[in-house]
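Participant: Sharing a structure here in structure tokens format.
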Amino acid sequence: MSKTIQAVRGMNDCLPEQSGLWQWIEAKLRAAANSYGYQELRTPIVESTDLFKRSIGEVTDIVEKEMYTFEDRNGDSLTLRPEGTACCVRAGNQHGLLYNQQQKIWYMGPMFRHERPQKGRYRQFHQFGIETYGFPSADADAEVIAVAAWLWREFGIADDVRLEINSLGSNEAREQYKNALVEYLSGHKDKLDEDSLRRLDSNPLRILDSKNADIQALLQSAPSLTEYLDEDSQQHFAEVQARLDAYGIAYTVNPTLVRGLDYYNRTVFEWVTDSLGAQGTVCAGGRYDGLVEQLGGKASPAVGFALGMERLALILAERVAQETINPPTDIYLASMGESAELFNISLAETLRNAFPEARVQTHMGGGNFKKQMKRADKVNARYAIIVGEQELNEQKVLVKSLQDGQQEEVAQAELQAYLKLKLA
Ligand code: ATP
Ligand code: MG
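Mapping of the sequence shown onto the working numbering: residues 5 to 428, in sequence order.
So, in structure tokens, the structure goes:
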């Protein structure tokens, strides 16, 4: 026998026993986006490498070490998308959706990053995201955050996640803060790790995002971004907070929250949970007013978030009832003899038409009555419809409840009315 081939490390199959949960999650995400008036944008999984270098930033974890980049047969450098925002902006610019327009967009699909696989961190993972374009005001920041808050309630996990927000201010304010931070950290070079030392020159704000506990301790006494906020950004941030209060959304202001991508300005936020260990951020986003222009379009303000679907699924896996995500087969049709089998084929089609929501299966593969009932149990059927010679002759069927074992004869003409009551 030849060796079996395994999936690529960090890239997971979604097995039939898990796909019920995923479909349930996806349906709720779509419904929420729809409910708030967002429209879906689907973009390709592969983009020009330049798109991500120019948007996410050359000196970020993603671009420095996480991208799946390859040369295609023409010699062009292509990259499997590591995130969705840059793709939305690229498509928006290309199709003229952004300039002088207001757009509310959502997307969902696989993303790729070459990271060390662990719980909540994979090399192929999935994000659901929303993006707004053309809204400079704080109402958009607040609505984007509110869509996430709505989702937590819909999923029944509002108590498991908390919101942290911060403002990065204008580019000018950030530039001034950068200088102050570099000055402070330069005085403590001996305490910086290799990554932080390198970033001190290339991208010092990234150091705030460090996962190294010693660096975080050092940052406790560093100058705070908040002190450098320009007046307009302060005002904007206050307006965001007033609107979050109006939505009834609780939050903490975290002055060291900066996010791992270069394109943000003003509002940034993360929804965090304690139930996933180090991979605690379930949803993250912010305002990125400069990106559209930076990618060659006419300037358009923007704000959005991306939600990590695997992390959401991990939280939900223990909390959602099996009946919700893997509803049982409603009707299993068993037969004795070929005439009954042929009868059941058309009966099953009739029932699928009559009850579009119901799960209706006919037995396949033959076998005696016992074997057929065993199979009905295996698929968790609620009712078995049993047809043999006698039932055919008398124009009736046997309906057996597999929950309580009760069995009833039902005239074929009455069957739909009978099942309508039972399946309700
Ligand atoms: P982290 O700090 O956990 O690496 P990030 O800042 O790189 O996250 P973003 O780029 O903001 O993450 O992506 C938004 C969300 O996508 C994250 O909050 C997380 O839920 C999810 N996510 C990011 N990378 C992965 C991954 N490798 N595997 C699974 N989910 C991920
Ligand atoms: Mg990351």
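In this text, a Cβ means the ideal position worked out from N, Cα and C, and glycines have one as well.
1. Between the beta-carbon of residue 232 and the beta-carbon of residue 177, is there less than 7 Å?
2. Which runs of the beta strand (DSSP E) at least 3 residues long sit entirely within the region 72 to 150? Give them in chain order.
3. Would you say residue 136 touches ligand 1, meaning its beta carbon is less than 6 Å from a heavy atom?
4. With burial defined as no fewer than 16 other Cβ atoms inside 10 Å of the residue's Cβ, what is the status of residue 241: buried or exposed?
5. Alpha carbon to alpha carbon, how far is residue 19 from residue 246? Give it in angstroms, no decimals.
6. Measuring from each Cβ to the nearest heavy atom of ligand 2, keep the ones under 6 Å and list them in chain order.
7. May I ask you to check if the CB of residue 146 is nearer than 6 Å to at least one heavy atom of ligand 1?
8. For residue 61, does the count of other Cβ atoms within 10 angstroms reach 16, so buried, or fall short, so exposed?
9. Can you list, in chain order, the residues of its chain with a C-beta nearer than 7 Å to that of residue 268? Leave out the 5 residues immediately preceding and following it.
10. Tell me the rounded alpha-carbon separation between residue 218 and residue 188.
11. Quick one, which of 338, 418 and 392 has its alpha-carbon nearest residue 406's?
12. Under the assumption that residue 261 contacts residue 168 (Cβ atoms under 8 Å), give the Cβ distance between them as a whole number of angstroms.
13. On the three-state DSSP scale, how would you describe residue 190?
14. Are at least three pairs of beta-carbons, each pair with one atom in the region 188 to 198 and one in the region 291 to 307, less than 8 Å apart?
15. From residue 301 to residue 104, what distance separates their C-alpha atoms?
16. Nearest to residue 322 by alpha carbon, out of 364, 363 and 159?
17. So, helix, strand or coil for residue 390, using DSSP?
18. Does ligand 1 have even one heavy atom less than 6 Å from the beta-carbon of residue 260?
19. So residue 309 and residue 124 are supposed to be a Cβ contact under 8 Å. How far apart are they, rounded?
20. Which residues mark the beginning and the end of the beta strand (DSSP E) in which residue 9 is found?
21. With a threshold of 6 Å on Cβ separation, who are the neighbours of residue 340 within its own chain once the five nearest residues in sequence on each side are excluded?
22. Ligand 1 and residue 288: does any heavy atom of the ligand fall closer than 6 Å to the residue's C-beta?
23. Under the three-state reduction of DSSP, which class applies to residue 161: helix, strand or coil?
Facilitator: Let's see:
1. yes
2. 72 to 75, 81 to 84, 107 to 116 and 128 to 137
3. Not so, every heavy atom of ligand 1 lies at least 6 Å from the Cβ.
4. buried
5. 44 Å
6. 65 and 264
7. no
8. buried
9. 172, 290, 291 and 292
10. 15 Å
11. 338
12. 6 Å
13. helix
14. no
15. 11 Å
16. That would be 159, whose Cα lies nearest to the Cα of residue 322.
17. In this structure, DSSP gives residue 390 an extended state, which the three-state scheme calls strand.
18. no
19. Residue 309 to residue 124, Cβ: 17 Å. No contact.
20. Here residue 9 belongs to no beta strand (DSSP E), and DSSP marks it neither H nor E.
21. 392
22. yes
23. coil
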